[in-house]
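One structure is given below, encoded as structure tokens.
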Amino acid sequence: MKTVYFDSNIFMYLSESGYPQHDYCFALIEYCQHNQIQIKTSTEQFRRSFTFQRNTKHRKTE
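Each residue of the sequence shown is one higher than the one before, counting from 1119 in my numbering.
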């Protein structure tokens, strides 16, 4: 099985539909699923994307 590694940018772009890259990232995940390509990342990448999302949402509410 093939494997790809996603960094935090993919998750950040997926978190908001307003990002121009959102649709491309979503299509990439669908492509991986359809072609049985395993997606991997690290806990560090998740931490970065969640921190980014939290900070972005906080700024929107101010």
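Beta carbons are placed, not taken as given, at the ideal position from N, Cα and C, and that holds for glycine.
Asked	Found
First through last residue of the alpha helix (DSSP H) which encompasses Q1139	Unbroken run through Q1139: none, as it is neither H nor E.
CA nearest to the CA of F1168, picked from C1150, S1133, M1119 and L1146	S1133
Euclidean distance between Cα positions of E1162 and N1173	16 Å
Short Cβ contact (8 Å threshold) for C1143 with I1128	yes
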